[in-house]
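Residue numbering for the sequence shown follows the working numbering, starting at 148 and increasing by one per position.
C-beta: ideal position from N, C-alpha, C; glycine also.
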Amino acid sequence: MTTKQSDPLKALVDIISSQTAVLQSTYAQNNSEFPSLNTPFQPTALEFDPNVTAARNLIIAAATQLIATVQSPIEFVASSMGGVYDTVTLGLMVDINVPEILKEAGTQGLHVDQLASATGVDSSYLSRVLRYLAIRHVFKEVSPDVFTHNRLSSMLTKAKSLKEIKEDPNARFDNAPIAASLHMGSTQILNSSTALISFIKNPKQASAPFNMAYKTSQTMFEWMEKSGNGFEARVFTAAMKVNDENPPEIYTSSIQGNTLKPNDTIVDVGGGRGSVTFALHKAYPKLRYVVQDLDQQIAAAKKFWDEKDAEAIKTGQVQLRVHDFFTPQPIKDAAVYFLCVVIHDWSDEDARKILSNIRPAAGAHSKLVLYEMVAEHITESHASAPYPLLPDYAGAGFLTILDIAMLSFYNGKERTSEEYAKLGRESGWQLEEVKPGKLSALIFTPI
Ligand SMILES: C[S@@+](CC[C@H](N)C(=O)[O-])C[C@H]1O[C@@H](n2cnc3c(N)ncnc32)[C@H](O)[C@@H]1O
Numbered sequence: 148m149t150t151k152q153s154d155p156l157k158a159l160v161d162i163i164s165s166q167t168a169v170l171q172s173t174y175a176q177n178n179s180e181f182p183s184l185n186t187p188f189q190p191t192a193l194e195f196d197p198n199v200t201a202a203r204n205l206i207i208a209a210a211t212q213l214i215a216t217v218q219s220p221i222e223f224v225a226s227s228m229g230g231v232y233d234t235v236t237l238g239l240m241v242d243i244n245v246p247e248i249l250k251e252a253g254t255q256g257l258h259v260d261q262l263a264s265a266t267g268v269d270s271s272y273l274s275r276v277l278r279y280l281a282i283r284h285v286f287k288e289v290s291p292d293v294f295t296h297n298r299l300s301s302m303l304t305k306a307k308s309l310k311e312i313k314e315d316p317n318a319r320f321d322n323a324p325i326a327a328s329l330h331m332g333s334t335q336i337l338n339s340s341t342a343l344i345s346f347i348k349n350p351k352q353a354s355a356p357f358n359m360a361y362k363t364s365q366t367m368f369e370w371m372e373k374s375g376n377g378f379e380a381r382v383f384t385a386a387m388k389v390n391d392e393n394p395p396e397i398y399t400s401s402i403q404g405n406t407l408k409p410n411d412t413i414v415d416v417g418g419g420r421g422s423v424t425f426a427l428h429k430a431y432p433k434l435r436y437v438v439q440d441l442d443q444q445i446a447a448a449k450k451f452w453d454e455k456d457a458e459a460i461k462t463g464q465v466q467l468r469v470h471d472f473f474t475p476q477p478i479k480d481a482a483v484y485f486l487c488v489v490i491h492d493w494s495d496e497d498a499r500k501i502l503s504n505i506r507p508a509a510g511a512h513s514k515l516v517l518y519e520m521v522a523e524h525i526t527e528s529h530a531s532a533p534y535p536l537l538p539d540y541a542g543a544g545f546l547t548i549l550d551i552a553m554l555s556f557y558n559g560k561e562r563t564s565e566e567y568a569k570l571g572r573e574s575g576w577q578l579e580e581v582k583p584g585k586l587s588a589l590i591f592t593p594i
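Here it is in structure tokens:
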């Protein structure tokens, strides 16, 4: 990484080779080898080791930049044009249960004719779709038209067996956040994106691209509450479970329950099933918690708490309440009101309404905490980015996908900390601190 600044190609290759050595030596020190692309994903603690994550991020950033540098711009356009097919081919695989069928078939894999009879989809279409994915390293073609799982494709597998999926198709995405996200990607996200260009050119014509694509004036959340869309609501709940993987310290370190009195109240506004509250209640069982959300989500929350900690509901230590956050906050003087990945769903105007509705309920010592990914300008410099990588090389790729998805669904937005501070000021809250992390905690006090 000491390559002179005039030789970006060499610098990129050096990053790749030095960081690959870091990966290999970290695995060797743990008497294992870096996992092969050919074997299904079996998460070990090493996958989440900070050194492994840092090395991986650098390799991905350097390899991506190397491709962008050496690729013919004409090929770049051709491959960008096809990006939509990643979405639909993955969505199809998940929809027709190919990952579960291949998992149950074992390591020898299946011929597309067998897959065709198991899925009811014509084998010639199947082989083309699988080849599209296999050339992109998702599934492996082991002999002509015979496919098996590999590391990437194995992640598409749902949490239920084929038998369970057949018995209760509506529950098929439960506890499978990756498959659920891909289902949303190939339905609501894809459909909404068809209206994105028209919306951006004339945003006055609808609240968001979603409303244009689905011909509704309701927000996506209201639309999911409608009868007939219960399955989509259930898939959304399953997709949101990806946040359950977050380490609890993200939440506990900003709430600092040890500094609060027993029975001080924490309000989880737009809390979904209350999985963040679940982590907090585990850490600070003496505090009181109120999870607020719309009808369907509170119904899902009841089920979640029944299974996970029925006692907390019985004793009233955790309460689940239907509350529309566009109406005044009913819980007065709570120690903390928090919203986890909620504000990014809304336009500035709506976000101000949500935060302003909490402000009158706050006491002098109440805090408002927002958990969000915080956007940064690509030009902002970070000492940690080696030449010639972009400064925010680690998470910006995903954050910008989320940003456009939020725009498509709700005219929502991933914001910088300055934008959050401004939103706060305009709704009666002063941003005091930003604790950075996978999700940052933005801590406000009443103005
Ligand atoms: C992105 S999810 C986040 C859920 C939860 N905070 C979490 O981290 O898992 C946004 C949540 O806002 C809820 N929501 C949307 N509109 C709402 C409203 N008007 N009032 C209350 N909750 C609402 C949705 O039902 C959904 O559960």
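| Item | Value |
| --- | --- |
| Contact check, residue 445 vs residue 465, beta carbons under 7 angstroms | no |
| Span of the alpha helix (DSSP H), counted from its first residue to its last, around residue 354 | Where residue 354 is concerned, there is no enclosing alpha helix (DSSP H), given that its DSSP letter is neither H nor E. |
| Cβ-based burial, residue 156 [other Cβ within 10 Å; buried from 16] | exposed |
| Where residue 470 falls: helix, strand or coil (DSSP) | coil |
| Cβ-based neighbour list, residue 149, same chain, cut-off 7 angstroms, excluding 5 preceding and 5 following | With a pLDDT of 46 at residue 149, under the threshold of 50, the predicted position of this residue should be treated as unreliable, though the coordinate-derived value follows. Result list for residue 149: empty, nothing under 7 angstroms. |
| The stretch 165-178 contacting the stretch 274-283, beta-carbon criterion three pairs below 8 angstroms | no |
| Cβ distance (whole Å) where residue 556 is taken to contact residue 355 below 8 angstroms | 6 angstroms |
| The stretch 507-517 / the stretch 584-592 touching (three or more Cβ pairs under 8 angstroms) | yes |
| The stretch 198-208 in contact with the stretch 247-266 per 3-pair CB rule at 8 angstroms | no |
| Rounded C-alpha distance that separates residue 402 from residue 438 | 15 angstroms |
| Unbroken alpha helix (DSSP H) run spanning residue 493, endpoints | Careful: residue 493 lies outside any alpha helix (DSSP H) and carries neither H nor E. |
| Proximity test, residue 417 beta-carbon vs ligand 1 heavy atom, cut-off 6 angstroms | yes |
| Coarse secondary structure for residue 273, derived from DSSP in three states | helix |
| Pick from 480, 552, 434, 573 that is closest to residue 502, judged by C-alpha positions | 573 |
| Backbone CA spacing between residue 319 and residue 479 [nearest angstrom] | 40 angstroms |
| For residue 346 and residue 553, the rounded distance between their alpha carbons | 13 angstroms |
| Three or more C-beta pairs below 8 angstroms linking the stretch 488-500 and the stretch 451-459 | no |
| Option nearest residue 400 by Cα separation, candidates 520, 387, 426, 216 | 426 |
| Alpha-carbon to alpha-carbon, residue 505 and residue 244 | 44 angstroms |
| Unbroken stretches of the alpha helix (DSSP H), 4 residues or longer, contained in the stretch 223-252 | 230-242, 245-252 |
| Where residue 195 falls, given that 16 or more other Cβ within 10 Å makes a residue buried | exposed |
| First and last residue of the uninterrupted alpha helix (DSSP H) at residue 564 | 564-573 |
| Cβ-based neighbour list, residue 267, same chain, cut-off 6 angstroms, excluding 5 preceding and 5 following | none |
| Proximity test, residue 441 beta-carbon vs ligand 1 heavy atom, cut-off 6 angstroms | yes |
| Distance, residue 175 Cα to residue 418 Cα | 42 angstroms |
| Distance between residue 238 and residue 424 (C-alpha atoms, nearest Å) | 31 angstroms |
| Span separating the alpha-carbon of residue 304 from that of residue 241 | 8 angstroms |
| Residue burial classification, residue 371 (beta-carbon count within 10 angstroms, cutoff 16) | buried |
| Below-7 angstroms beta-carbon distance, residue 508 vs any chain B residue | Absent from the structure: chain B. Only one protein chain is present. |
| Heavy atom of ligand 1 within 6 angstroms of residue 471 beta-carbon | yes |
| CB of residue 570 within 7 angstroms of CB of residue 498, strictly | yes |
| Cβ contact check for the stretch 314-332 and the stretch 381-395: 3 or more pairs under 8 angstroms | yes |
| Contacts around residue 260, its chain only, beta-carbon distance under 8 angstroms, and the 5 residues preceding and following it disregarded | 270, 292 |
| Rounded separation between residue 442 and residue 374 - CA only | 12 angstroms |
| Three-way DSSP call (helix, strand, coil) for residue 590 in this model | strand |
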